[in-house]
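The structure appears below as structure tokens.
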Amino acid sequence: MKLYFCPQTRATRPRWMLEELGVPYELALIDVMKGEQKQESYMKVHPLGYVPALDDGGHIFFESAAIVQYLADKYADQGFAPALGSKERGEYYQWISFAMTELEPSLVTILMQTRFLPEDQRSPEAMAKAVARYKVVCAVLEERMKNREYIVGARFSAADIVVGAVLFFGTMLGQGKEFPALQAYLGRVTARPAAKKAFA
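Take the sequence shown: its position 93, counted from the start at 1, is 93 in UniProt numbering, and no numbers get skipped.
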């Protein structure tokens, strides 16, 4: 398997999953700051020129959460996903979707408003709205994580990779630090050796 990867991007999620699994893979570094993701050769891998992408025996997958779930199922014997048809499996899908559709969009806005948009294109209103929305969503997760070790069930799963990676992104942007249960959870999951390697 080959993972097309750039540090400090969504590509950390499938790399974390691969490291947890302990399976062999090749890391193909794509320097997005140099625009390598838009080169013709890589556009044949990912039609939008984004990272990550995973090449598994010539079959290309993209979308970080989809790759993580695919890998958890491919190596189902390692137990990174609850049993199919179980209530826990439903919650697993729920919290992965929650991370991608509720948590992450506000962070993308915050990132754009603080780092990428020119000063004259930044909007204090958009920034304030994104920060407020992120707090609302984090409050839901904070309640979920009170007295829990992991997001689903009693063991670490691929859902923790997706949720944990998004929360890590939030902390890097200075968001979410006022939620103690979330910070404790984030500390637990990112202390794992596989996470440390993915985020290095």
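Note that beta-carbon positions come from the ideal geometry of N, C-alpha and C, so glycine has one too. Computed from a prediction, not measured in an experiment: that's the story for all the values here.
Item                                                                                                                                                                              : Value
Considering just the uninterrupted stretch of the alpha helix (DSSP H) at D73, what are its terminal residues?                                                                    : 64-74
If contact is defined by three or more beta carbon pairs under 8 Å, each pair taking one atom from either stretch, is the segment 163-176 in contact with the segment 189-199?    : yes
When DSSP labels each residue in this structure, what does K34 get in the three-state scheme?                                                                                     : helix
Kindly list the residues whose CB is nearer than 7 Å to the CB of A198, restricted to its own chain and excluding five residues on each side of it in sequence; keep chain order. : T12, R15, W16, E19
Which residues mark the beginning and the end of the beta strand (DSSP E) in which A28 is found?                                                                                  : 26-29
What is the DSSP secondary structure of Y185, reduced to helix, strand or coil?                                                                                                   : helix
Would you give the residue range spanned by the alpha helix (DSSP H) that Y5 belongs to?                                                                                          : Note on identity: in this sequence residue 5 is Phe, with Tyr being the wrong assignment. Here F5 belongs to no alpha helix (DSSP H); instead the beta strand (DSSP E) covers 2-5.
Please report the distance separating the alpha-carbon of V51 from that of A65.                                                                                                   : 12 Å
Who are the near neighbours of Y150 in its chain, counting only those whose CB is closer than 7 Å to its CB and skipping five residues on each side?                              : F156, S157, D160
If we count Cβ pairs, one from each stretch, closer than 8 Å, do we get three or more for the segment 177-186 versus the segment 135-149?                                         : yes
Which of the three DSSP states is assigned to F169 in this structure?                                                                                                             : helix
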